[in-house]
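Enquirer: What follows is a structure written as structure tokens; I'll ask about it next.
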Amino acid sequence: MKINPFHIEGKVVPGFKRGSKLLGVPTANIETKEKFSHIQTGVYYGPFRFLNYGIEKTYAGVLSIGYNPYFDNNCKTIEVFLIDYEGEDFYDREVELTIEGFIRTEASFENFSELVTAITYDIIISNQILLCNYK
Ligand code: RBF
Ligand code: MG
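Just so we're aligned: the sequence shown equals residues 8 to 142 in the working numbering.
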């Protein structure tokens, strides 16, 4: 669902290390200056850019904003998976996202494979919407 777009800027910080190892879906965890406490938790998509590096590619981002109910986190986090990025981890880089669409609310799941299936669908949906626009 398209939403009124909004901007997120921040720095990539270390996460819980579950994304790549456990799920096969590495995410960049974004620390923002604003706390974004007003943003509704859920799964979103939108274009992603690195800041301060001149002209660079725009990546297709799929975000999870919230408490990861399957893992029951205490803090609200903003994490993004880049569909079309292949490369090293990029901690400490300043990044920006324009969030353009909402996919679903966060959920807990019966088991691990249901969580991974849901994330896989999120990525497929975002891929269809974003890659035609930004490639
Ligand atoms: N975690 C959840 O507990 N519930 C979710 O519904 C959920 N959806 C996600 C959707 C996407 C597209 C991504 C990238 C992550 C999602 N996560 C969700 C977060 C996932 O649990 C987290 O990335 C790992 O635990 C690593 O911190
Ligand atoms: Mg992460």
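Ideal Cβ placement from N, Cα and C applies to all residues, glycine included.
Should LEU138 be listed as close to the ligand NAD, given that the test is whether its C-beta is under 7 Å from any heavy atom?
Expert: No copy of the ligand NAD appears in this structure; the ligands present are the ligand RBF and the ligand MG.
Enquirer: Have a look at ILE90, LYS83, LYS40, ASN36 and flag the residue whose alpha-carbon is nearest the alpha-carbon of HIS128.
Expert: One detail in the question is off: residue 128 reads as Tyr in this sequence, not His. Checked all of ILE90, LYS83, LYS40, ASN36; the closest Cα to TYR128 is ILE90.
Enquirer: Should SER71 go down as buried or exposed, given a rule of 16 or more other Cβ atoms within 10 Å for buried?
Expert: By the 10 Å Cβ count, SER71 comes out buried.
Enquirer: If distances are taken between C-alpha atoms only, which option among VAL69, PHE116, LYS42 comes closest to PRO33?
Expert: Comparing Cα positions, the closest option is VAL69.
Enquirer: Taking HIS14 as the reference, give the member of ALA35, THR39, GLY31 with the closest Cα.
Expert: Checked all of ALA35, THR39, GLY31; the closest Cα to HIS14 is THR39.
Enquirer: Below 6 Å CB to CB, which residues in the same chain sit around TYR77 once its five sequence neighbours on both sides are set aside?
Expert: Cβ within range, chain order: SER115, PHE116, LEU122.
Enquirer: Among GLN135, TYR92, ALA67, ASP99, which one has its Cα closest to the Cα of ASN36?
Expert: Measuring from the Cα of ASN36, the nearest candidate turns out to be ASP99.
Enquirer: Can you list, in chain order, the residues of its chain whose CB lies under 6 Å from that of LEU104, leaving out five sequence neighbours each side?
Expert: So the qualifying residues of the chain are ILE15, GLY53, PHE55, GLY68.
Enquirer: CB-CB under 6 Å to GLU86, same chain, minus the five flanking residues each way: which ones, in chain order?
Expert: Only THR34, ASN36, SER71 meet the Cβ criterion.
Enquirer: Let me check you understand the geometry: is the CB of GLY31 closer than 7 Å to at least one non-hydrogen atom of the ligand RBF?
Expert: No, since every heavy atom of the ligand RBF falls outside the 7 Å radius drawn around the Cβ of GLY31.
Enquirer: Select from LYS83, VAL50, TYR92, TYR51 the residue whose C-alpha is nearest the C-alpha of TYR66.
Expert: When each option's Cα is compared against that of TYR66, the closest is TYR92.
Enquirer: Since ILE110 and TYR51 should fall inside the 8 Å C-beta cutoff, what is the C-beta to C-beta distance between them, to a whole number of angstroms?
Expert: So it is a contact: roughly 7 Å between Cβ atoms.
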